[in-house]
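Heads up: the protein sequence lines correspond to chains X and B, in order. Residues in the first sequence are numbered from 1 upward in steps of one, following the working numbering. Residues in the second sequence are numbered from 527 upward in steps of one, following the working numbering.
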Amino acid sequence: MNMVRNHVLISIDANTIIAGARAVEDALIKEIARQGLSQEIVVLETGSVGIEDQGVVLVVYPEGIYYTNITPAEVPELVEEHLLKGRVVHRLMLKETPKRFVITKEKTGLMKEQPRIVLKNCGFINPESIDEAIAADGYQAAAKALSSMKPDEIIAEVKHAGLTGRGGAAFPTGLKWEFASKVDNPVKYIVCNADEGEPGTFKDRLILEGDPHKLIESMIIGGYATGATKGFVYIRGEYELSIERLEKAIADARSYGLLGTNIFDSGFDFDITVMKGAGAYVCGEETALIESIEGKRGHPRNKPPYPITAGLWGKPTIVNNVETLSNIPEIILKGAENFKKYGTEKCSGTKVYTILGHVATPGLIETEMGTTLRDIIFEYGGGIKDGKRFKCALVGGAAGAFLGPDMLDVKMDFVNLREYAAALGSGAILVMDEDTDIVDMLKSVLHFFKHESCGHCVPCRLGTARLVELIDRIAASKGTSKDVEGLTRISETMKDTSFCPLGQSLILPVSSSLKYFKDEILARVQ
Amino acid sequence: MNLEDLKKIREKAEKDIELRQKKTRIKIVVGMGTSGIAAGAREVLKTFVEEISNRNLLDVVVTQTGEKGLASQEPMIEIFEEGKPVIVYGNIDKKKAQGIVENHIVGGRPVMEYVIEAK
Numbered sequence: 001m002n003m004v005r006n007h008v009l010i011s012i013d014a015n016t017i018i019a020g021a022r023a024v025e026d027a028l029i030k031e032i033a034r035q036g037l038s039q040e041i042v043v044l045e046t047g048s049v050g051i052e053d054q055g056v057v058l059v060v061y062p063e064g065i066y067y068t069n070i071t072p073a074e075v076p077e078l079v080e081e082h083l084l085k086g087r088v089v090h091r092l093m094l095k096e097t098p099k100r101f102v103i104t105k106e107k108t109g110l111m112k113e114q115p116r117i118v119l120k121n122c123g124f125i126n127p128e129s130i131d132e133a134i135a136a137d138g139y140q141a142a143a144k145a146l147s148s149m150k151p152d153e154i155i156a157e158v159k160h161a162g163l164t165g166r167g168g169a170a171f172p173t174g175l176k177w178e179f180a181s182k183v184d185n186p187v188k189y190i191v192c193n194a195d196e197g198e199p200g201t202f203k204d205r206l207i208l209e210g211d212p213h214k215l216i217e218s219m220i221i222g223g224y225a226t227g228a229t230k231g232f233v234y235i236r237g238e239y240e241l242s243i244e245r246l247e248k249a250i251a252d253a254r255s256y257g258l259l260g261t262n263i264f265d266s267g268f269d270f271d272i273t274v275m276k277g278a279g280a281y282v283c284g285e286e287t288a289l290i291e292s293i294e295g296k297r298g299h300p301r302n303k304p305p306y307p308i309t310a311g312l313w314g315k316p317t318i319v320n321n322v323e324t325l326s327n328i329p330e331i332i333l334k335g336a337e338n339f340k341k342y343g344t345e346k347c348s349g350t351k352v353y354t355i356l357g358h359v360a361t362p363g364l365i366e367t368e369m370g371t372t373l374r375d376i377i378f379e380y381g382g383g384i385k386d387g388k389r390f391k392c393a394l395v396g397g398a399a400g401a402f403l404g405p406d407m408l409d410v411k412m413d414f415v416n417l418r419e420y421a422a423a424l425g426s427g428a429i430l431v432m433d434e435d436t437d438i439v440d441m442l443k444s445v446l447h448f449f450k451h452e453s454c455g456h457c458v459p460c461r462l463g464t465a466r467l468v469e470l471i472d473r474i475a476a477s478k479g480t481s482k483d484v485e486g487l488t489r490i491s492e493t494m495k496d497t498s499f500c501p502l503g504q505s506l507i508l509p510v511s512s513s514l515k516y517f518k519d520e521i522l523a524r525v526q
Numbered sequence: 527m528n529l530e531d532l533k534k535i536r537e538k539a540e541k542d543i544e545l546r547q548k549k550t551r552i553k554i555v556v557g558m559g560t561s562g563i564a565a566g567a568r569e570v571l572k573t574f575v576e577e578i579s580n581r582n583l584l585d586v587v588v589t590q591t592g593e594k595g596l597a598s599q600e601p602m603i604e605i606f607e608e609g610k611p612v613i614v615y616g617n618i619d620k621k622k623a624q625g626i627v628e629n630h631i632v633g634g635r636p637v638m639e640y641v642i643e644a645k
């Protein structure tokens, strides 16, 4: 056995790769070899550690020191000072380690402040090593489920846990599984929706990049519970690293016999195929997604029949989001009661958020359901950048609502936000400071929808085009107050008449921006 | 793959992860300032790492620190063990390091003749 003195974890995800993580990794390995430390210091790749917008990020264990914005030029100093001489390079160190960056396996007080269920292993294990995933509880829940639980026991546990869909619609997962399990058909499919298209959302990508085995395990359990023997992961084609890691994880799981026939001697067979999407927003809608897997144009289907009865190739199909599925192993392993300890009465568990915009430390966090917007922005996000004032936050992506200062202390969960005509959606929180032009913001949202409208139904196809005309006029100070009224009228009509949630949800950003900033918008037309 | 196989993989891989986390009984800190390195701390550090590898001591961590300000005693090392006083050794070389691993780390008896401070 070789004694390893330090482990340097380098976060390799799409963002850090752009920032030059591969070059830093090369430089690190070379410099460590040059100093003769190769036997004692190991460089490991890991997924995102939850720090965005800070260039290449390294974590040195056992000290747990985070270095940010590292370039190859700094590597020699880092190796000599920290790894050879043991002196932390304070200049490059992450000054204040916010709560969310504390990753620990021990149940300390900090763990209580950051309950990690979905992101438990992200930034901690090497996502390309199935052994490390197994050491970090990977496949334990699948082993338990397949060897000692009946399908209906699993469904009862998931139902009791109160897990709801984390993609935005918040449909109870246990109920969905129950419906699917009761459909009598020898062929069923389970599909993981990893077509994360909501602007500002990148949680599923980081989950897949950081812990792909968790998803595989969850799909095995879901397949066993519902009777599906074939799984598909529909993933955005741009998510190159997620696809690469997921495909490696699937291959490794196959070679270990965790996918394939007779898994854990249970007689249950299961396998997973990765399908790449071409990046259409509408394909995040489950029936459009199914069409796309079938090789057709991504258009939503008529409902009913729901996918649960007739989905992929007309067979019963369960569609679950990445984050939703990633909660399953914890529920099976530790029980529904434990899961219900987190969150609110109506919404148990945690939620993964991506915080971005005018905040000091943008990034990825996981907190309990019911955490207030104030806590998320000011505690985890480090407050508003450059000491400015909070104006509003667009919560839930483009199909979400603007929330103003009066919403800062509302407990955020799926049920509660609905009461305020808002939606948690995908969990993107785009924060805007006092200098943000709300008309500009709304303009970019509406342009996004026009671009992404699939053209299948008239209200959405024409509605988005008309809305863009109106907002362009308003933004150019050429509009009238009638144009402002038109925004509401058209989006209301779209809400009532559009075929799928794409057109139905425009009302959220439009009406919420008018609720808070009507004067500001009207000022542009008078 | 059956449950037994999974357990085996888990146990093996857990060890590897434990190593980079902090589940340690003893921490050996070697002073690696300029004077420490000049006096041979690099070799001392290497010796500790080798000895601990050879003996497969999973719960011992070797790390380094900077100058202690007592240049005449370099290479200096400190041994941290929970519930026990911190032992500081001075003027350590390869041979003494081997003795410390054998007697102190494994045997639990500090090598009194090299101890310069216990705090």
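Where is the CB? At the ideal position from N, CA and C, for every residue including glycine.
| Query | Result |
| --- | --- |
| How would you call Trp177 (chain X), buried or exposed, if buried means at least 16 neighbouring beta carbons within 10 angstroms? | buried |
| Let's see if you can read the secondary structure: which residues bound the beta strand (DSSP E) around Phe268 (chain X)? | Phe268 to Gly277 |
| Give me the residue from X:Pro307, X:Asn327 and X:Phe268 with the minimum Cα distance to His213 (chain X). | X:Asn327 |
| Looking only at C-alpha atoms, which of X:Ile377, X:Glu366 and X:Tyr256 sits nearest to Ile134 (chain X)? | X:Tyr256 |
| Measuring alpha carbon to alpha carbon, tell me which residue in X:Glu379, X:Val431 and X:Glu291 is nearest Phe402 (chain X). | X:Val431 |
| Distance, Cα to Cα, Ala278 (chain X) vs Asp137 (chain X)? | 34 Å |
| Which first and last residues belong to the beta strand (DSSP E) in which His7 (chain X) is found? | Asn6 to Ser11 |
| Quick check: what's the CA-CA separation for Arg205 (chain X) versus Glu323 (chain X)? | 10 Å |
| May I have a chain-ordered list of the beta strand (DSSP E) segments no shorter than 3 residues that lie completely inside the stretch 176-213 of chain X? | 189-194 |
| Inspect the beta-carbon positions of Pro305 (chain X) and Ala141 (chain X) and report whether they are closer than 9 Å. | no |
| Would a C-beta distance cut-off of 9 Å place Glu209 (chain X) and Ala14 (chain X) closer than the cut-off? | yes |
| Along the stretch 257-270 of chain X, what residues have a CB closer than 8 Å to any CB found in chain B? | Gly257, Leu258, Ile263, Phe264 and Asp265 |
| In chain B, what lies closer than 8 Å to Asp567 (chain X) by C-beta? | No answer is possible for residue 567 (chain X): the residues shown for chain X start at 1 and end at 526. |
| Would you be able to state if there are at least three C-beta pairs under 8 Å between the stretch 550-567 of chain B and the stretch 41-49 of chain X? | no |
| Kindly list the residues whose CB is nearer than 8 Å to the CB of Arg254 (chain X), restricted to its own chain and excluding five residues on each side of it in sequence; keep chain order. | Gly260 and Asp271 |
| Under 9 Å between the Cβ atoms of Leu258 (chain X) and Ile220 (chain X)? | yes |
| Near Pro362 (chain X), which residues of its chain fall below 6 Å by C-beta distance, leaving aside the five closest residues on each side in sequence? | Glu52, Asp53, Ile355 and Leu356 |
| May I ask you to list, following chain order, the residues of the stretch 571-587 of chain B that have a beta carbon less than 7 Å from some beta carbon of chain X? | Val575, Ile578, Ser579, Asn582 and Val587 |
| If the cut is a Cβ gap below 7 Å, which residues of chain X does Leu529 (chain B) touch? | Ala143, Ser147 and Phe264 |
| For the alpha helix (DSSP H) that Tyr516 (chain X) lies in, which residues bound it at each end? | Ile507 to Ala523 |
| Does the distance from the CB of Gly396 (chain X) to the CB of Ala360 (chain X) come in under 9 Å? | no |
| Helix, strand or coil, according to DSSP, for Met432 (chain X) in the structure here? | strand |
| Strictly below 7 Å CB to CB, what residues from chain X border Met638 (chain B)? | Per Cβ cutoff of 7 Å: no residues; Met638 (chain B) is ~26 Å from chain X at best. |
| Kindly indicate which three-state DSSP category Met494 (chain X) falls into: helix, strand or coil? | helix |
| Mind reading off the beta-carbon distance from Thr573 (chain B) to Gly86 (chain X)? Whole number of angstroms is fine, and I expect it under 8 Å. | Actually they do not touch by this definition, with Cβ atoms about 16 Å apart. |
| Given a cut-off of 9 Å, decide if Tyr615 (chain B) and Ile603 (chain B) are closer than it, judged by their beta-carbon atoms. | yes |
| Assuming contact is defined by CB atoms lying nearer than 9 Å, are Phe339 (chain X) and Leu163 (chain X) in contact in what I supplied? | yes |
| Three-state secondary structure (DSSP) at Lys534 (chain B)? | helix |
| Cβ of Leu529 (chain B) within 8 Å of any heavy atom in the ligand SAM? | Looking at this structure, you won't find the ligand SAM or any other ligand, since it has none at all. |
| Please work out which residues of its chain come closer than 7 Å, Cβ to Cβ, to Lys620 (chain B), disregarding the five sequence neighbours upstream and downstream, and give them in chain order. | Glu569, Val570 and Thr573 |
| Just the C-alpha distance for Ser147 (chain X) and Asn528 (chain B), rounded to the nearest angstrom, thanks. | 9 Å |
| From this set, X:His358, X:Ile130, X:Ser444 and X:Leu424, which residue's C-alpha is nearest Phe171 (chain X)'s C-alpha? | X:Leu424 |
| Are Thr226 (chain X) and Ile155 (chain X) closer than 9 Å when you measure CB to CB? | yes |
| At the 9 Å Cβ level, is Met558 (chain B) part of the contact set with chain X, yes or no? | yes |
| On the CB-based measure, 16 or more other CB atoms within 10 Å of its CB, does Pro611 (chain B) come out buried or exposed? | exposed |
| Does any CB atom of chain X fall closer than 9 Å to the CB of Val632 (chain B)? | no |
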